[in-house]
Amino acid sequence: MDKKMVTLKINDISVTVPEGTTVLEAARNAGIKIPSLCYLKGINEIGACRICVVEVKGAKSLVASCVYPVSEGMEVQTNTEKVRHSRQLTLELILSNHRMDCLTCARNAHCELRELAAELGIDAVRYANDELLPRIEDSAPHLVRDNSKCVLCRRCTAVCRATQEVGVIGCNDRGFATHIGCAFDRDLSEVDCVSCGQCIVACPTGALSEKDDTGKVWAALNDPTKHVVVGPAPSVRVTLGECFKMPIGTNVEGKMVTALRRLGFDKVFDVDNAADFTIMEEGTEFLERLQEGGTLPMITSCSPGWIRYCEQHHPDMLPHLSTCKSPQQMFGALVKSYYAEKMGIDPKNIVVVSVMPCTAKKYEVQREEQRMANGCMPVDISITTRELARMIQRSGILFDHLPDGQFDPMLGLSTGASVIFGASGGVMEAALRTVVEVLTGGEMKPLEFHEVRGLKGIKEAEYQLPGRTVRVCAASGLHNAKVVLDGVKNGTMQYDFIEFMACPGGCINGGGQPLHPADVRSFTDIPALRAAALYKQDESMPIRKSHENPVLQTVYKDYLGKPGGPKAHELLHCTYVPQKRYRTENKF
271 MDKKMVTLKI
281 NDISVTVPEG
291 TTVLEAARNA
301 GIKIPSLCYL
311 KGINEIGACR
321 ICVVEVKGAK
331 SLVASCVYPV
341 SEGMEVQTNT
351 EKVRHSRQLT
361 LELILSNHRM
371 DCLTCARNAH
381 CELRELAAEL
391 GIDAVRYAND
401 ELLPRIEDSA
411 PHLVRDNSKC
421 VLCRRCTAVC
431 RATQEVGVIG
441 CNDRGFATHI
451 GCAFDRDLSE
461 VDCVSCGQCI
471 VACPTGALSE
481 KDDTGKVWAA
491 LNDPTKHVVV
501 GPAPSVRVTL
511 GECFKMPIGT
521 NVEGKMVTAL
531 RRLGFDKVFD
541 VDNAADFTIM
551 EEGTEFLERL
561 QEGGTLPMIT
571 SCSPGWIRYC
581 EQHHPDMLPH
591 LSTCKSPQQM
601 FGALVKSYYA
611 EKMGIDPKNI
621 VVVSVMPCTA
631 KKYEVQREEQ
641 RMANGCMPVD
651 ISITTRELAR
661 MIQRSGILFD
671 HLPDGQFDPM
681 LGLSTGASVI
691 FGASGGVMEA
701 ALRTVVEVLT
711 GGEMKPLEFH
721 EVRGLKGIKE
731 AEYQLPGRTV
741 RVCAASGLHN
751 AKVVLDGVKN
761 GTMQYDFIEF
771 MACPGGCING
781 GGQPLHPADV
791 RSFTDIPALR
801 AAALYKQDES
811 MPIRKSHENP
821 VLQTVYKDYL
831 GKPGGPKAHE
841 LLHCTYVPQK
851 RYRTENKF
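Each position in the sequence shown, counted from 1, maps to that position plus 270 in the numbering used here.
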């Protein structure tokens, strides 16, 4: 049913929008930007910061435009002297409790508070507190929190609670002492944080940032005794360019490879190649469970944030998890076994660096159950897309001027199936491309499984395979994962194969991806643009099915044996275990 339309005037401009639209959204339709701070569309719509206030004819006071609905005949003014004065005063009061070391802040180039001060003409802070000291909490492997830079916008708590179904942070104390923290002011390492990093990309200031591991990478690159290998994840190639002001969704794979080589890495491989191995192992495991009566539904294990959530909140579902390591961990395992043997290098002298869209990968590389039989951890250092961008910038490399390079071939050749791993539903589609051909024994056309594509939180489909119907589900965001798990447990949702990604939209929207201000996030479908770039690359690739990757075929033939065999299982599989929980429910 079509929504009723409402006509109003904003700054004397006539605007017609659907009933229920907020003044802020209606103004945007009229080409008018109303500044905001706490607002994040669909996540945090609470009208708390009062930066977005406007004048509405007939209203007793200024109203918060982010939560104020339009009405027929409404007259709004967004730029009067009264509005400007209110916004400036409010921002000055916010800045009075904000440590302003902007030149050395990790967010100095992406700080929404700094940009807001410039937009509102704040050239001095009358109430500045120069005695604020850092309040650092860095116990978690992936994140650093500095509450001296927090503006209490609550965007981080909203995404943690509502989107991610974790809720490990909230407002503690009251009045001037109010601050964001964990229950009883525990450290983040002592609560059920899954390391997804969604709070970091939601934060408008430097209060939250990923733990910077670039120093470890520089040390390895400068150590002549170390052979340093790097591999970027599938989604990084369509997001890295954003750090260099390229349009959202620009594919910069070639420039990225050249930049990595110029940074000094000895080998530049591709985690996409390991994603193809993931499909072979995961697909084989699924077929075995399907044909031999194994535990179903089988659930993917590519996302470490999802894995940790399952281990903490749903340990009864661990038998459903695929035993496959994630592509990152498979990549490291292959480098420190197959590649090391082929090149005659002691794996203990190899440093494997991964470039990931995900802060949870920093946690994953430390998991002891991932340790290899030779005593090595598969991956030594995991850095985010943002950290790689900083390394490139600090090296004086003009990224947009770089020629396109190519991955080193031994572990650098990949397929279209691995490229789409970066989007929600991509792992499912890649697996189906292989599983269907294995079961039918024939070539499948078309290759696309559109039912599991897109940014819908929960996507379901049924496919007719020889002898049975296979029911699949792809869900992203831990809130949606909980909905599906609850449905599986109570019998209202029945599937054979489930893909879960911790971050909404999948890796393209990971906690380590390039930052965008709320004004862009609220009115631009960033994940859709990034996903479209991955699917476009998939369509252009000469090989689009994992089992047809010639490098993969060679490694299985010469080294691993058959998919799911003893050697492959030793290197590419692991176990997942229940994790300690610190409380039974979240109450913030």
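C-beta atoms are modelled at their ideal positions from N, C-alpha and C, and glycine is treated no differently.
Where does residue i sit, in a helix, a strand or coil, going by DSSP?
i: residue 698; result: helix
i: residue 771; result: strand
i: residue 332; result: coil
i: residue 287; result: strand
i: residue 853; result: Only weak support exists for where residue 853 lies, its pLDDT of 48 falling under 50; the value from the coordinates is given anyway. Reduced to three states, the DSSP call for residue 853 is coil.
i: residue 933; result: With the chain covering only 271 through 858, there is no way to say anything about residue 933.
i: residue 828; result: helix
i: residue 797; result: helix
i: residue 778; result: helix
i: residue 731; result: strand
i: residue 704; result: helix
i: residue 872; result: The displayed coordinates of the chain run from 271 to 858. Any statement about residue 872 would go beyond what the structure contains.
i: residue 429; result: helix
i: residue 310; result: strand
Should residue i be labelled buried (16 or more other beta-carbon atoms within 10 Å of its own) or exposed?
i: residue 810; result: exposed
i: residue 857; result: At residue 857, the pLDDT of 39 sits below 50, so the modelled position is not reliable and the matter cannot be decided from this model.
i: residue 815; result: buried
i: residue 729; result: buried
i: residue 823; result: exposed
i: residue 671; result: exposed
i: residue 800; result: buried
i: residue 429; result: buried
i: residue 819; result: buried
i: residue 298; result: buried
i: residue 485; result: exposed
i: residue 854; result: Confidence at residue 854 is low in this model, with a pLDDT of 40, below 50, so the placement of that residue is unreliable and no value is reported for it.
i: residue 387; result: buried
i: residue 441; result: exposed
i: residue 357; result: buried
i: residue 845; result: exposed
i: residue 354; result: exposed
i: residue 444; result: exposed
i: residue 384; result: buried
i: residue 373; result: exposed
i: residue 617; result: buried
i: residue 779; result: buried
Looking only at its chain, what residues have a beta carbon closer than 6 angstroms to the beta carbon of residue i, apart from the 5 residues adjacent to it on each side?
i: residue 714; result: 706, 707
i: residue 599; result: 640, 648
i: residue 544; result: 597, 600, 601
Of the residues the options, which one's Cα is nearest the Cα of residue i?
i: residue 742; options: 457, 722, 572; result: 722
i: residue 750; options: 477, 662, 770, 457; result: 770
i: residue 306; options: 788, 366, 847, 493; result: 788
i: residue 497; options: 336, 609, 308, 837; result: 609
i: residue 467; options: 834, 438, 829; result: 438
i: residue 368; options: 346, 403, 283, 849; result: 403
i: residue 453; options: 483, 325, 463; result: 463
i: residue 825; options: 773, 556, 546; result: 546
i: residue 774; options: 614, 549, 726; result: 726
i: residue 643; options: 752, 612, 623, 604; result: 604
i: residue 413; options: 652, 349, 401, 284; result: 652
i: residue 874; options: 530, 711, 786, 376; result: The shown model of the chain, from 271 to 858, leaves out residue 874, and the question about it has no answer.
Cβ atoms of residue j and residue i: under 7 angstroms apart, would you say?
i: residue 314; j: residue 415; result: no
i: residue 946; j: residue 499; result: Residue 946 lies beyond the residue range present for the chain, which begins at 271 and ends at 858; the question has no answer from this structure.
i: residue 691; j: residue 702; result: no
i: residue 362; j: residue 323; result: no
i: residue 490; j: residue 621; result: yes
i: residue 565; j: residue 590; result: yes
i: residue 506; j: residue 625; result: yes
i: residue 527; j: residue 510; result: no
i: residue 291; j: residue 321; result: no
i: residue 276; j: residue 340; result: yes
i: residue 782; j: residue 629; result: yes
i: residue 477; j: residue 419; result: yes
Give me, in chain order, the residues of the same chain whose beta-carbon lies closer than 7 angstroms to that of residue i; leave out the 5 immediate sequence neighbours on both sides.
i: residue 567; result: 590, 758, 765, 766, 767, 768
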